[in-house]
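Undergrad: Chains as they are written, first to last, in my numbering: chain C, 160 to 442; chain S, 160 to 442.
Take this structure, written in structure tokens, and hold onto it; I'll ask about it next.
In structure tokens form, the structure reads like this:
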């Protein structure tokens, strides 16, 4: 999916919601447990209930891999069921030496029809670039993640030899943090139509700095909902002229109810997010 | 597999060789292409030809994922065929927020019987710790990788506020590099019997510093062979009292011949590595 197509979807649906299919077999309602493929039955119902309210679905590959090859098959069926009217994200956090990243790109862009894959930047340029070689496909590189572990490395200051004054009046001029270095460096490897970054909603203090470094890139923003981030705050701080954000909610939507009404409960939550998003899109 | 069991295997086989099963369907010899599962047939022959010469097999998950669910099935069959007499590494470079890393741990330690998995450190403690919660299982965290992209972030100096004098006479006291920070920080999260680090053989200039930070941990060393690292040099610089290194060779062994003799050619290469290793183990 091209950037223009994604921007159009956001306009058409008045939504920048991404629904995260972190489907945990242990959390699937009891009445589906007898189905041939309970994870797929669950996903189908969630997709049917939310597809007009969101522009993207994010498959968290870990939850499928933990079921072995049958889980991988469920992922394939789910992606096929979603179809072409949503921006498909493989939340896989891959990244390896060049010949291996090329195989991951093949797995998620050729064997599976994902539009994008999340990529870890630690190993540098040759681990990221193979994902940028497919027209209409995207690498979504980890910038500043939503978890507490972000403080261990991502938020640590880098060395003086590469000091980079960010020039924000509200912030002391000083050492660039690792995540800022990642945004600045990785953004030079691709373009705004094949590269996005992950920026966690729980890190809202950093969003203005993020937008100084990468004003035009799309951000994939997890951390709203179960992790505590504010949709209002990150929308205000991170949106750009072409919206520029996809906000993911996983648990807050797909596990809104543990009962037979899980799909209608999921729709209710997704609708609340979409309606709130519509108010920010008006501005 | 416990550390004591791994150390015993190394003594018994006079080898610290890990054979990397980066099995590329396009490189499988023609005479196997008609088999029901050519990747598995290839792997079986490689395993049969090398199992007495190595102590470990490393499955590069990317090559299996690129074949979809059938590839995942091939991975399962391969791991099962290897059995319990080798240290099994899932070279998967995983790492995500806590609840997701737990699912990856379930995938590779419960659903599949791997002894270890390679883990990317970028997201910090909660992305790594779920892999340390299984007795007898290991996280192998990326320290300094073998690829050219290591220069982009891993080798960059960290900030002054956390300067850490490494105290090596042969090295200027100064800013700690990102990979050194990773080794120092991550090593505090686990023990030498559930945590290893990746250190690329192409980075031999850094091995003495690595051993100053983590003298006792096992290192998984890729980059010998196709990537150009020297077995002699990294063995001299990185071995410790319990050997402390596993040296991986993938392409240099499994693609030693593209013909019908691929398995005997692989054995010849593996034997040369094992015999060279035996001379370093004598010391």
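Glycine residues also receive a C-beta, built at the ideal position from the N, C-alpha and C atoms.
Quick caveat, the model's predicted, so the values are computed rather than measured.
1. Taking the straight line between their C-alpha atoms, what separation do you get for residue 385 (chain C) and residue 424 (chain S)?
2. Compute the distance between the beta-carbons of residue 249 (chain S) and residue 205 (chain S), then report whether it is under 7 Å.
3. Which residues in chain S have a C-beta closer than 7 Å to the C-beta of residue 225 (chain C)? List them in chain order.
4. On the premise that residue 338 (chain C) lies in contact with residue 280 (chain S), defined as a C-beta separation below 8 Å, what is that separation, rounded to the nearest angstrom?
5. Excluding the 5 residues flanking residue 325 (chain S) on each side, which residues of the same chain have their C-beta closer than 8 Å to its C-beta?
6. Three or more beta-carbon pairs under 8 Å between the segment 213-233 of chain S and the segment 178-185 of chain C, yes or no?
7. If we call anything under 7 Å between Cβ atoms a contact, is residue 111 (chain C) one with residue 358 (chain C)?
8. Would you verify that the beta carbon of residue 348 (chain C) is, or is not, closer than 7 Å to some beta carbon of chain A?
9. Is there a C-beta anywhere in chain S that falls below 7 Å from the one on residue 199 (chain C)?
10. Let me see if you follow: with CB-CB separation under 7 Å, is residue 252 (chain S) close to chain C or not?
11. Could you tell me which uninterrupted alpha helix (DSSP H) segments, each at least 4 residues in length, are contained entirely in the segment 380-405 of chain C, listed from first to last along the chain?
12. Considering only the beta carbon of each residue, do residue 247 (chain C) and residue 273 (chain C) sit closer than 7 Å?
13. Looking at C-alpha atoms only, which residue of C:275, C:202 and C:189 is the closest neighbour of residue 293 (chain C)?
14. Along the chain, where does the beta strand (DSSP E) containing residue 317 (chain S) start, and where does it finish?
15. Any heavy atom of the ligand NAP closer than 6 Å to the beta-carbon of residue 255 (chain C)?
16. In the DSSP assignment, find the beta strand (DSSP E) that holds residue 355 (chain C) and state where it starts and stops.
17. Where DSSP assigns a beta bridge to residue 132 (chain C), which residues make up the other side?
18. How is the beta strand (DSSP E) around residue 250 (chain C) delimited, first residue to last?
19. Where residue 343 (chain S) and residue 352 (chain S) are concerned, what is the direct C-alpha to C-alpha distance, given to the nearest angstrom?
20. Starting from residue 179 (chain C), trace the beta strand (DSSP E) both ways and give me its first and last residue.
21. Taking only beta-carbon positions, decide if residue 362 (chain S) is within less than 7 Å of chain C.
22. Which residues, in chain order, does the segment 279-291 of chain S contribute to contact with chain C at a C-beta distance below 7 Å?
23. Can you find a CB in chain C that lies within less than 7 Å of the CB of residue 307 (chain S)?
24. In angstroms with no decimal places, state the Cα-to-Cα distance between residue 312 (chain C) and residue 236 (chain C).
25. Residues of chain S with a CB under 7 Å from the CB of residue 255 (chain C): which are they?
26. One question on the structure: do residue 317 (chain S) and residue 388 (chain C) come within less than 7 Å of each other, judged by their Cβ atoms?
27. How about residue 421 (chain C) and residue 188 (chain C): are their beta carbons less than 7 Å apart?
28. How big is the Cα-Cα spacing for residue 416 (chain S) and residue 408 (chain S)?
29. When the Cα atoms are used, what is the spatial distance from residue 260 (chain S) to residue 252 (chain C)?
30. Give the DSSP bridge partners of residue 218 (chain C), in chain order.
TA: If we stick to the structure as given:
1. 54 Å
2. no
3. Against chain S, a Cβ distance below 7 Å from residue 225 (chain C) picks out 262, 265, 266 and 270.
4. About 14 Å; that fails the 8 Å criterion.
5. Only weak support exists for where residue 325 (chain S) lies, its pLDDT of 46 falling under 50; the value from the coordinates is given anyway. These residues qualify, in order along the chain: 332, 335, 339, 368, 371 and 372.
6. Contact check between the segment 213-233 of chain S and the segment 178-185 of chain C: fewer than three CB pairs, one atom from each, fall below 8 Å, which does not count as touching.
7. As displayed, chain C neither begins before 160 nor continues past 442, which places residue 111 (chain C) out of reach and without an answer.
8. Absent here is chain A; the protein component of the structure consists of chains C and S.
9. no
10. yes
11. 390-397
12. yes
13. C:275
14. Here residue 317 (chain S) belongs to no beta strand (DSSP E), and DSSP marks it neither H nor E.
15. Looking for the ligand NAP in the displayed structure turns up nothing, as the structure carries no ligands at all.
16. 354-358
17. Given a span of 160 to 442 for chain C in the structure shown, any question on residue 132 (chain C) remains unanswerable.
18. 246-253
19. 16 Å
20. 176-180
21. no
22. 279, 280, 281, 282, 283, 284, 285 and 286
23. yes
24. 37 Å
25. 221 and 252
26. no
27. yes
28. 15 Å
29. 11 Å
30. Paired residue(s): C:180 and C:249.
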